[in-house]
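To start, the structure under review is shown below, and the notes come after it.
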DNA sequence: GTCGTGATAGCCT
DNA sequence: GGCTATCACGACG
């Protein structure tokens, strides 16, 4: 399968978020290769989106979002969990897609060993913090290019047919922006973090 | 199965 | 000093 090119990310963020469903996230670890089929994403778009870190302007933490598309934006949340985002749209327009969940495709044992609490395959990466723990994605990867074969990249995959669109999770503080239907997931996947009502 | 709660540390004002 | 794009656990039934 081909690696997704930078052009894939240099598009409206909602399109990227939706078309990332079904794509394959690949992480190369010392123990071997791990891969997840992406089944859940969220879009965070620009300075006007109060749920987006960039809504308060550029800071040391979020500067990667303002840069070139096709790079990883990794940050720490709640003091304990990492979250993986893929930067979209042009330079100086801050936007990214949060990768929230995936189905194990390859290296399941490796990921399982990093997720001792997981009892079944779907527990491995059914949430952004879990996904990063399983693949050992840390802030060392902040700013990494995901359009070239390396420690972290994304390959093409089959498009998901039944996509559910609903509001984003955990952003109640964003007021009316919390209601925007900017979350996407594969209706047929058992591995999504949370289902809409 | 669903619900409520506390842990925890870097970032920003 | 207040906040946060979460997770896992225990109490229910």
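Numbering (my numbering), first residue to last: -1 to 195. Where is the CB? At the ideal position from N, CA and C, for every residue including glycine.
Through-space distance from residue j to residue i, alpha-carbon basis
| i | j | result |
| --- | --- | --- |
| residue 125 | residue 6 | 24 Å |
| residue 34 | residue 144 | 15 Å |
| residue 142 | residue 193 | 31 Å |
| residue 1 | residue 82 | 18 Å |
| residue 93 | residue 118 | 33 Å |
| residue 167 | residue 183 | 12 Å |
| residue 88 | residue 73 | 21 Å |
| residue 136 | residue 55 | 23 Å |
| residue 157 | residue 146 | 21 Å |
| residue 128 | residue 107 | 15 Å |
| residue 45 | residue 180 | 15 Å |
| residue 53 | residue 139 | 23 Å |
| residue 58 | residue 51 | 11 Å |
| residue 26 | residue 78 | 23 Å |
| residue 9 | residue 178 | 19 Å |
Local conformation of residue i per DSSP, three classes
| i | result |
| --- | --- |
| residue 62 | helix |
| residue 182 | strand |
| residue 143 | strand |
| residue 200 | It is not possible to answer for residue 200, since the shown part of the chain is limited to -1 through 195. |
| residue 50 | coil |
| residue 167 | coil |
| residue 81 | strand |
| residue 1 | strand |
| residue 115 | coil |
Spatial neighbours of residue i in its chain, beta-carbon cut-off 6 Å, leaving aside the 5 residues before and after
| i | result |
| --- | --- |
| residue 122 | 102, 109, 113, 116 and 132 |
| residue 151 | 1, 24 and 144 |
| residue 175 | 47, 48 and 49 |
| residue 189 | 37, 99, 101, 120 and 124 |
| residue 105 | 30, 31 and 32 |
Residue i - containing alpha helix (DSSP H), residue span
| i | result |
| --- | --- |
| residue 15 | 11 to 17 |
| residue 97 | Per DSSP, residue 97 belongs to no alpha helix (DSSP H); it is in the beta strand (DSSP E), 93 to 104. |
| residue 7 | 4 to 7 |
Run of the beta strand (DSSP E) containing residue i, from where it starts to where it stops
| i | result |
| --- | --- |
| residue 174 | Per DSSP, residue 174 belongs to no beta strand (DSSP E) and is neither H nor E. |
| residue 22 | 22 to 27 |
| residue 43 | 30 to 43 |
| residue 75 | 70 to 75 |
| residue 159 | Counting along the chain, residue 159 falls outside any beta strand (DSSP E), and DSSP gives it neither H nor E. |
| residue 215 | For residue 215 there is no data in the structure shown, the boundaries of the chain being -1 and 195. |
| residue 153 | 150 to 153 |
Same chain only: Cβ atoms within 7 Å of residue i, ignoring 5 sequence neighbours per side
| i | result |
| --- | --- |
| residue 187 | 37 and 101 |
| residue 69 | 62, 85, 141, 142, 143 and 144 |
Any non-hydrogen atom of the ligand SAM within 7 Å of residue i CB
| i | result |
| --- | --- |
| residue 110 | For the structure depicted, the ligand SAM is absent and the ligand set is empty, with no information on it obtainable. |
Beta-carbon proximity list for residue i, same chain, < 8 Å, skipping 5 on both sides
| i | result |
| --- | --- |
| residue 95 | 11, 14, 15, 18, 39, 40, 41, 42, 83, 84 and 86 |
| residue 161 | 16, 19, 182, 183, 184 and 185 |
Are the stretch 53 to 65 and the stretch 8 to 21 touching, with three or more C-beta to C-beta distances below 8 Å?
no
Does the contact criterion of 3 or more C-beta pairs under 8 Å hold for the stretch 170 to 177 versus the stretch 30 to 45?
no
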